[in-house]
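Report on one structure; see the data block that follows.
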Amino acid sequence: MTTKTVTVDQISRLEGEGALRVTIEQGELRDVQLRIFEPPRFFEALLQGRDFREAPDITSRICGICPIAYLLSSAQAMEDACGATLDPGLRALRRLIYCGEWIESHVLHIAMLHLPDFLGYPDGIAMAADHPELVERSLRLKALGNRIIRLLGGREIHPINIRVGGFYRLPDPRDLAELRTELEWGAAAARDNLRALTALEFPDFEGDWDFVAMHPGDRYPFTEGPIACEGIGDMSLSAYGTFLNEVQAPHSTALQNQRPDDQRPLYLGAMARFAHNRAGLTPMAASEATAAGLDGPCRNPYRSILVRAVEVLFACEEALHLIDTYVAPDAPAVAVRPRAGIGHGCTEAPRGACFHRYEIDDAGEIVTADIVPPTAVNQVAIEADLRAYVAPRLDRSEDDLRAGCERVIRNYDPCISCATHFLTLEIDDTGGAT
Amino acid sequence: MSAVAPIMLLGIGNRRRGDDAVGPVIARALRRRYPTARVVTGTLDGFAILDLLRQTSCAFAFDAVGNGTSPGRIHRFDAAAGSLPARLRRASTHGSGLAQAIELGRVLHRLPTTLTVYAIEGARFDGTGLSRPVARAARQVIARVSVTLGRADASDDLDQYGGAEPGLT
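Sequence lines, in order, name chains A and B. When the letters of the first sequence are read in order and numbered with the working numbering, they come out as residues 12 to 445. When the letters of the second sequence are read in order and numbered with the working numbering, they come out as residues 435 to 603.
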């Protein structure tokens, strides 16, 4: 029996530690496994017994690239559990800090992780030697995103100014005003980046998944709204929690979230948001999207680089709008008093909807925690894309297949650190000295 | 662009992870001798490091490296002149680090005129306080940098920064 196995022991240019194994037997594709070997991180377990107000700071340690997603999803879940409602000004600030996260995360992926694939470079450093202007522009954009997070969050990595109920301190309006000039530059730079990316060559591929994203209806989503699924429509956050089925795949330390009825994989992220919420873009972002060939939903994951670039442009414009219309709330936070119950929170991390569900008791102690990061849901779609990519290319060399498969995975900008937080550890002890 | 700082001292590392604290320890110790220098410490993202490097013409970076095979061994590199050896670049899929920042800065012509990297091999990366060989190495690096900058002094008291702590390996 002739078996060919293509392995990538450590996939480069993505966040976290994952590997890939493709098994081909007798000229037929037998198996594709995206193997997550990031050490399991047990966040859902260690949250149990903690105070509900600790959830944002604990869960933000899940990820250094998208901490805002965890800070706000957890805070909003606890506010939901306790029946607390935030002032419009506080909600605007949350939206503003999210603009910062999208800008810095998307730009990093676009310029340093994804674009080298299209231009034939092994990494962003090699690419920078030949494309210094684009890289410099991207670095300055990333710094702008970080600056927004630092201003509103206290620092860039694991921000410390967000809490259940709002913030610990409100920003100085003068600091917000100072951001304007750089944001105006940022919007123009993001537009220039998007226009440059439209010249790329994109492999033909149409994904077979259902888009899932938050869908507030009246704006592009960051922090609010029900969750929309193609073919189903909007669902409440509590319904979304039961919509997915967490499964421990043997080859992965990350739980996979699969649909219980074995339908098409779900796709979360920029393309999903774009598909459900294109009408919520700013006029310029919508216009530039059209000019980039994004008239409607985009199902080609290679073109996700364009959609992320549209979102960077949108985030810069949205940040300007939020600063211009900001009315400072009376206090940095609203009072949140614990009560026994269950709360749900969801926000759109750069990679997709990040869902949290908590049960707390009367004293505010966390009884159970359930965190569904977007990459955990996307694992199934990634493996589906890999099968679709490999199946017609079995005659390719292993190096070719390997490079192509890595590209397929990088299309998703997966955050593997986020995907590894499973609760149950089973030890199969077959004997022997320890 | 920010005004050019005379000297920048980058102490890279986590003060709460054993020998990973050596970078911040050294940078803070040097701050007392060079009050006009800009000192930045912490677990610095590569892009943040790159942004800092463009703000000075003379920088020193201090960082822990290695897997404990030669604890306390000091590596000094003229990073403005050439790349750090691949064997000492700490690869992380969770973000870019000093080595990547330097190489990106090099291709973008963003490196300061003088960039000296001191990499100290650590023994352990948990707990608090420096291991004995790393604490000793830290003193040596402080002395060397002081000589370089023309202000040699008596051996520094590192206790306030967590050096020479009980429970050393």
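Glycine included, each C-beta is placed from N, C-alpha and C at the ideal position.
Along the alpha helix (DSSP H) that carries Gly354 of chain A, what are the first and last residues, could you check?
Going by DSSP, Gly354 of chain A is part of no alpha helix (DSSP H) but of the beta strand (DSSP E) stretching over 352-360.
Taking Val146 of chain A as the query, report the chain B residues whose CB atoms sit under 7 Å from its CB, ordered along the chain.
Neighbours of Val146 of chain A on chain B, chain order: Leu542.
Cβ of Leu486 of chain B less than 7 Å from any chain A Cβ?
Leu486 of chain B does not count as touching chain A.
For Asp221 of chain A and Pro403 of chain A, what's the separation of their Cα atoms in angstroms?
Distance between the alpha carbons of Asp221 of chain A and Pro403 of chain A is about 23 Å.
Just the Cα atoms here: how many angstroms apart are Phe233 of chain A and Gln390 of chain A?
Roughly 22 Å separates the two Cα atoms.
The alpha helix (DSSP H) enclosing Ile171 of chain A, as first and last residue numbers:
Judged by DSSP secondary structure, Ile171 of chain A falls outside any alpha helix (DSSP H); it is assigned neither H nor E.
Among A:Arg174, A:Ala283, A:His287, whose alpha-carbon lies nearest the alpha-carbon of Asn311 of chain A?
Nearest C-alpha to Asn311 of chain A: A:Ala283.
With DSSP collapsed to three states, give me the class of Arg524 of chain B.
The pLDDT assigned to Arg524 of chain B is 47, lower than 50, so where the model puts this residue is not dependable, and the model offers no usable value.
Given this structure, state the Cα-to-Cα distance separating Gly111 of chain A from Ala154 of chain A, to the nearest angstrom.
Going from the Cα of Gly111 of chain A to the Cα of Ala154 of chain A covers about 9 Å.
Can you give me the Cβ contacts of Thr209 of chain A inside the same chain, cut-off strictly under 8 Å, excluding the 5 residues immediately before and after it?
If we look at Thr209 of chain A and ignore the five residues flanking it on each side, its Cβ neighbours are Ala302, Ala303, Gly304, Leu317.
From Gln594 of chain B to Thr16 of chain A, what distance separates their C-alpha atoms?
With a pLDDT of 44 at Gln594 of chain B, under the threshold of 50, the modelled position of this residue cannot be trusted; read the value that follows with caution. Approximately 55 Å between the Cα atoms of the pair.
According to the neighbour-count rule (16 or more other Cβ atoms, all chains shown, within 10 Å of its Cβ), is Ser464 of chain A buried or exposed?
As shown, chain A starts at 12 and ends at 445. That puts residue 464 of chain A outside it, with no answer to give.
Considering only the alpha carbon of each residue, which of A:Cys77, A:Pro276, A:Ile69, A:Ser315 lies closest to Leu211 of chain A?
When C-alpha distances from Leu211 of chain A are compared across A:Cys77, A:Pro276, A:Ile69, A:Ser315, the shortest belongs to A:Ser315.
One question on the structure: do Ala364 of chain A and Met225 of chain A come within less than 7 Å of each other, judged by their Cβ atoms?
For Ala364 of chain A and Met225 of chain A, yes; Cβs fall inside 7 Å.
Among the residues of its own chain, which have a CB less than 8 Å from the CB of Leu592 of chain B, if the five just before and after it don't count?
In this prediction, Leu592 of chain B has a pLDDT of 47, which is less than 50 and means its spatial position is unreliable; what the coordinates show is noted afterwards. Correct list, in chain order: Val459, Ala463, Leu564, Ala569, Ala572, Arg573, Ala598.
Chain B residues whose Cβ lies nearer than 8 Å to that of Ile168 of chain A
In chain order: Thr477, Asp479.
Suppose the cutoff is 7 Å on Cβ atoms and the five residues either side in sequence are ignored; what does the same chain contact list for Gly177 of chain A look like?
Same-chain partners within the cutoff: Leu97, Leu101, Pro343, Ala344, Val345.
First through last residue of the beta strand (DSSP E) which encompasses Met442 of chain B
Element bounds for Met442 of chain B: 442-446.
Taking Ala482 of chain B as the reference, which of A:His117, A:Arg158, A:Gln37 has the closest Cα?
Of A:His117, A:Arg158, A:Gln37, the smallest CA-CA separation from Ala482 of chain B is found for A:Arg158.
From the DSSP output, in three-state form, read off Leu97 of chain A for me.
Residue state, collapsed to three classes: coil.
Selected residue, minimal CA-CA separation from Ile567 of chain B, among B:His509, B:Glu555, B:Leu545
Checking the sequence, you will find Pro at residue 567 of chain B rather than Ile. Out of B:His509, B:Glu555, B:Leu545, the CA that lies nearest to the CA of Pro567 of chain B is found in B:Glu555.
Leu584 of chain B and Gly452 of chain B: beta carbons closer than 7 Å?
Sequence check: residue 584 of chain B is Gly here, not Leu. Cβ atoms of Gly584 of chain B and Gly452 of chain B: not closer than 7 Å.
Please check the pair Pro67 of chain A and Leu57 of chain A, which I expect to be a contact at CB under 8 Å, by giving their CB distance rounded to whole angstroms.
Approximately 14 Å separates the beta-carbon atoms of Pro67 of chain A and Leu57 of chain A; this is outside 8 Å, ruling out the contact.
Looking only at its own chain, which residues have a Cβ that is under 6 Å from the Cβ of Gly242 of chain A, when we skip the five neighbours before and after it?
So the list reads Asp221, once near-sequence residues are dropped.
Just by C-beta distance, which residues in the stretch 82-109 of chain A are closer than 7 Å to chain B?
Within the stretch 82-109 of chain A, no residue has its Cβ closer than 7 Å to any Cβ of chain B.
Short of 8 Å in beta carbon distance, which residues of its chain neighbour Ala471 of chain B, apart from the five on each side in sequence? Order them along the chain.
Cβ within range, chain order: Ala439, Pro440, Ile441, Met442, Leu443, Leu464, Arg465.
Exposed or buried, Thr336 of chain A, counting other C-beta atoms within 10 Å across all chains shown (16 or more means buried)?
Exposed: under 16 other Cβ atoms inside 10 Å.
Taking the CB atoms as reference points, tell me whether Ile160 of chain A and Gly75 of chain A lie closer together than 7 Å.
No. Outside cutoff.
With 16 as the cutoff for other CB atoms within 10 Å, does Asp424 of chain A come out buried or exposed?
That one is buried.
Going by Cα to Cα distance, which pick from A:Phe325, A:Ser298, A:Ala296 is closest to Leu107 of chain A?
When each option's Cα is compared against that of Leu107 of chain A, the closest is A:Phe325.
Can the beta-carbon of Gly280 of chain A be found less than 7 Å from the beta-carbon of Arg230 of chain A?
The answer is no: Cβ separation not under 7 Å.
Using the C-alpha atoms, what's the distance from His142 of chain A back to Ile173 of chain A?
Distance between the alpha carbons of Ile173 of chain A and His142 of chain A: 37 Å.
Can you look up Pro67 of chain A in the DSSP assignment and give me helix, strand or coil?
In the structure shown, Pro67 of chain A sits in a helix (DSSP, three-state: H, G or I).
Take the Cβ of Ala374 of chain A as the centre, count every other Cβ of all protein chains shown within 10 Å, and call the residue buried at 16 or more, exposed below.
Classification for Ala374 of chain A: exposed.
What residue from B:Leu487, B:Gln489, B:Ala498 has the CA that sits closest to Val456 of chain B's CA?
For the options B:Leu487, B:Gln489, B:Ala498, the alpha carbon positioned closest to that of Val456 of chain B is the one of B:Ala498.
Starting from the beta carbon of Glu555 of chain B, find every residue of chain A whose beta carbon is closer than 7 Å, and list them in chain order.
Neighbours of Glu555 of chain B across chain A, judged by C-beta separation under 7 Å, do not exist; the nearest C-beta is about 23 Å away.
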